[in-house]
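Using mature numbering (1 follows the signal peptide of the UniProt record, and there is no 0), the letters of the sequence shown map in sequence onto residues -23 to -1, 1 to 45.
Only one structure is covered here, and it is reproduced in the block below.
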Amino acid sequence: MRIHYLLFFFFFLFLVPAPGKMGWLLERINNMYCKVRQGRCRFIRCTSKEENIGTCSLGRRKCCRKKK
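As structure tokens, then:
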């Protein structure tokens, strides 16, 4: 049973974000959510043929998709 506590500790340590960052795991989930909504991550802003549907990379980039 002690190995379970050790594995849980390392799993928890893996998910804890570094100071000043939210963690790469949360960033990946945010980017995947944009792709599921059929969007693309843009650095500055969406083009005139696209609409903003959210954010990527924890708010640093825009999630855009083609206007319907």
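Don't be surprised by glycine CBs; every beta carbon is placed ideally from N, CA and C.
DSSP state of residue i mapped onto helix, strand, coil
{"i": "residue 36", "result": "helix"}
{"i": "residue 22", "result": "coil"}
7 Å Cβ cutoff met for residue i and residue j
{"i": "residue 44", "j": "residue 28", "result": "yes"}
{"i": "residue 17", "j": "residue 41", "result": "yes"}
Run of the alpha helix (DSSP H) containing residue i, from where it starts to where it stops
{"i": "residue 11", "result": "1 to 13"}
Opening and closing residue of the beta strand (DSSP E) in which residue i lies
{"i": "residue 19", "result": "17 to 19"}
Distance between beta carbons of residue j and residue i, contact taken as under 8 Å
{"i": "residue 4", "j": "residue 35", "result": "6 Å"}
{"i": "residue 32", "j": "residue 26", "result": "At roughly 19 Å, the Cβ-Cβ gap does not stay under 8 Å, so residue 32 and residue 26 are not in contact."}
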